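Trainee: Quick one: this structure, given as structure tokens, is what I'll be asking you about.
Numbering (full-length UniProt numbering), first residue to last: 1 to 492.
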């Protein structure tokens, strides 16, 4: 058939022949779909035009569909530790090699063993092979350790499963799938849990002698030996001594001030209540109690629109004003003062001579020697307008904006003006104290009481280490070794 012109283009009525390397598939539509489906396919792919109007409604042959071959995706190179040879992986730590080799493996047999790595070397000391050692968690003395080369990790767990089943059968235990959060049994882990249970739940030390508790432990793990109450008391004090070092280090690493509220639910965030505002409202009623703490006076002085003038307006005598000023200056120089920056020092100017007896109490002898970031300069400056404080968004935002120009003053102002106040009676802080000692018990030592209360309050804190790490303290004590301390990565 001769080609016809249509829409300005010359098209052929014949279907083009597929190129080499392509395959042709017929269109097989579903039953009853020869109407629109085939017409749509013909409209999209059929390059021919009907001969005349008489053939438009006639059934036409379905054109073939040309498909290109499926290209295989190139595999990505595996650069993980697991893909490395033993020699290449030698430089990585044991934990990295173990984690990479057993990541994603879900066999319950792995949970039955403690997995360690052994590095075999040649006679000349060169690396030879990496071998995994599988040590039984429940009965390491009666269950021989399994050995498997690192490159044969994917060969199956048949030997491990057989050894696990034989071990459990020998102990009269059933297979329990252990999750990642489950604490494996060991004498030190057990004693750690007992000590924390007594401290956190306010249980007496002699609760371990409860016959029902002993029966429960025997039912869950036959043959388990419970510690003596005296041992539990010593464990609590030992854990308190070692974990307190971790607590101190945690607070030392914090850059901001630590605000201690009597009860957290009245001050959920540090900026909820201002100690300065609380002092302004309640100073008349509780003024006699404010001298017990420096914070009330320092917080008011660190309000730029009040400073020492607030106390002068309330008829504080000269001796009280000098005491407050010395208190503020001493606290600043002890905790916030750093070497003065020469660029912040004001230009030296001729000071007007004054007699030493007529010098005001709040005027330093050499005011020009203090930098702009010193508390003496701050006290000498005029009061800031309350409107300026309001426009800044409050005391906290005012001091936050001054960090670049006066970092030391801004740090002190932020610390004291963000101190939360609490309306809870102070006695509530000790309301759990009487629950720590049984009414029939009268001989708990102060050290034991302090250790028990502190350890119980730390259990859910962010700095508290994992149970398995805490148990290392008791494990070292059982072995007669000196505990080296907990690392920063041990906390949850």
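Beta carbons are placed, not taken as given, at the ideal position from N, Cα and C, and that holds for glycine. In this text, all values refer to a predicted model and were calculated from it rather than measured experimentally.
(1) Per DSSP, what kind of secondary structure is residue 134 in: helix, strand or coil?
(2) Hey, residue 171 and residue 138 are a contact pair by Cβ (cut 8 Å); roughly how many whole angstroms apart?
(3) Do residue 233 and residue 448 come within 8 Å of each other at the CB atom, strictly closer than that value?
(4) Could you tell me the alpha carbon to alpha carbon distance between residue 214 and residue 298, rounded to whole angstroms?
(5) Counting beta carbon pairs with one atom in the segment 149-168 and one in the segment 96-111, are three or more of them shorter than 8 Å?
(6) Answer yes or no: do residue 97 and residue 117 have a C-beta to C-beta separation smaller than 8 Å?
(7) Measure how close the beta-carbons of residue 229 and residue 194 come, nearest whole angstrom, since I'm counting them as under 8 Å.
(8) In three-state DSSP terms, what is residue 482?
(9) How many angstroms separate the CA atom of residue 400 from the CA atom of residue 127?
(10) Could you check which residue in 153, 136 and 151 has the C-alpha nearest to that of residue 509?
(11) Consult DSSP for residue 389 and reduce its assignment to one of helix, strand or coil.
(12) Applying the 10 Å Cβ sphere with the 16-neighbour rule, what's the burial state of residue 381?
(13) Please say whether residue 452 and residue 236 have beta carbons closer to each other than 8 Å?
(14) Rank 152, 219, 224 and 393 by C-alpha distance to the C-alpha of residue 129 and give the top, closest one.
(15) Terminal residues of the continuous beta strand (DSSP E) containing residue 114?
(16) Run through DSSP, which three-state label would residue 184 get?
(17) Below 6 Å CB to CB, which residues in the same chain sit around residue 458 once its five sequence neighbours on both sides are set aside?
(18) Considering residue 149, what are the terminal residues of the beta strand (DSSP E) in which it resides?
(19) Starting from the C-beta of residue 338, find all residues in its chain whose C-beta is less than 7 Å away, skip the five residues before and the five after it, and write them out in chain order.
(20) Classify residue 372 as helix, strand or coil using the three-state DSSP reduction.
(21) Return the bridge partner residues of residue 304 from the DSSP annotation.
(22) Would you report the Cα separation of residue 243 and residue 124, rounded to the nearest angstrom?
(23) In three-state terms, what does DSSP make of residue 333?
(24) Compute the beta-carbon to beta-carbon distance between residue 240 and residue 455, rounded to the nearest angstrom, for a pair I have assumed lies under 8 Å.
(25) Among 416, 220 and 212, which residue has its Cα nearest to the Cα of residue 190?
(26) Going by CA-CA distance only, name the one from 80, 165 and 88 that's closest to residue 110.
Mentor: Straight from the coordinates:
(1) Within the chain shown, residue 134 is the residue found at index 134, counting from 1. Three-state DSSP puts residue 134 in a strand.
(2) Translated into positions along the chain shown, residue 171 becomes position 171. Translated into positions along the chain shown, residue 138 becomes position 138. Their Cβ separation, rounded to whole angstroms, is 6 Å, which keeps residue 171 and residue 138 in contact under 8 Å.
(3) What you label residue 448 is simply residue 448 of the chain shown in a count that begins at 1. What you label residue 233 is simply residue 233 of the chain shown in a count that begins at 1. The answer is yes: Cβ separation under 8 Å.
(4) Stepping through the chain shown from its first residue, residue 214 is reached at position 214. Stepping through the chain shown from its first residue, residue 298 is reached at position 298. Straight-line Cα distance between these residues: approximately 56 Å.
(5) yes
(6) Taking the chain shown and counting its residues from 1, the one referred to as residue 97 is at position 97. Taking the chain shown and counting its residues from 1, the one referred to as residue 117 is at position 117. Taking 8 Å as the Cβ cut-off, residue 97 and residue 117 qualify as a contacting pair.
(7) Stepping through the chain shown from its first residue, residue 229 is reached at position 229. Stepping through the chain shown from its first residue, residue 194 is reached at position 194. Going by Cβ atoms, the distance from residue 229 to residue 194 rounds to 10 Å, so no, they are not a contact pair.
(8) Here residue 482 refers to the residue found at position 482 when the chain shown is read from its first residue. Residue 482 falls in the coil class under three-state DSSP.
(9) In the chain shown, the residue the question calls residue 400 occupies position 400. In the chain shown, the residue the question calls residue 127 occupies position 127. Distance between the alpha carbons of residue 400 and residue 127 is about 57 Å.
(10) Residue 509 falls outside the range modelled here, since the chain spans only 1 to 492, and no answer is possible.
(11) Taking the chain shown and counting its residues from 1, one reaches residue 389 at position 389. Looking at residue 389 - three-state DSSP - the assignment turns out to be helix.
(12) Numbered from its first residue, the chain shown carries residue 381 at position 381. Residue 381 is exposed by the Cβ-count criterion.
(13) Residue numbering aside, residue 236 sits at position 236 when the chain shown is read from its first letter. Residue numbering aside, residue 452 sits at position 452 when the chain shown is read from its first letter. Cβ distance < 8 Å, so residue 236 and residue 452 count as in contact.
(14) What you label residue 129 is simply residue 129 of the chain shown in a count that begins at 1. For residue 129, the nearest C-alpha among the options comes from 152.
(15) As a working mapping, residue 114 is identified with position 114 in the chain shown. Its beta strand (DSSP E) spans residues 113-121.
(16) Mapped onto the chain shown, residue 184 falls at position 184. Note: residue 184 maps to coil in three-state DSSP.
(17) As a first step, residue 458 must be located in the chain shown, where it is residue number 458. So the qualifying residues of the chain are 464.
(18) Locating residue 149 in the chain shown gives position 149, where the first residue counts as 1. Residues 146-149.
(19) Start at 1 with the first residue of the chain shown, and residue 338 comes out as number 338. Result list for residue 338: 408, in chain order.
(20) What you label residue 372 is simply residue 372 of the chain shown in a count that begins at 1. Correct three-state label for residue 372: coil.
(21) Counting from 1 along the chain shown, the entry for residue 304 is found at position 304. In DSSP, residue 304 forms no bridge with anything.
(22) As a position in the chain shown, residue 243 is number 243, starting the count at 1. As a position in the chain shown, residue 124 is number 124, starting the count at 1. Each residue's Cα considered, the two are about 44 Å apart.
(23) What you label residue 333 is simply residue 333 of the chain shown in a count that begins at 1. Residue 333 falls in the helix class under three-state DSSP.
(24) The residue labelled residue 240 in the question sits at position 240 within the chain shown. The residue labelled residue 455 in the question sits at position 455 within the chain shown. With a Cβ gap of about 5 Å, residue 240 and residue 455 count as contacting.
(25) Working through the chain shown from its first residue, we reach residue 190 at position 190. Cα-wise, what sits closest to residue 190 is 220.
(26) For the purposes of this step, residue 110 is taken as the residue at position 110 of the chain shown. The candidate whose alpha carbon is nearest that of residue 110 is 165.
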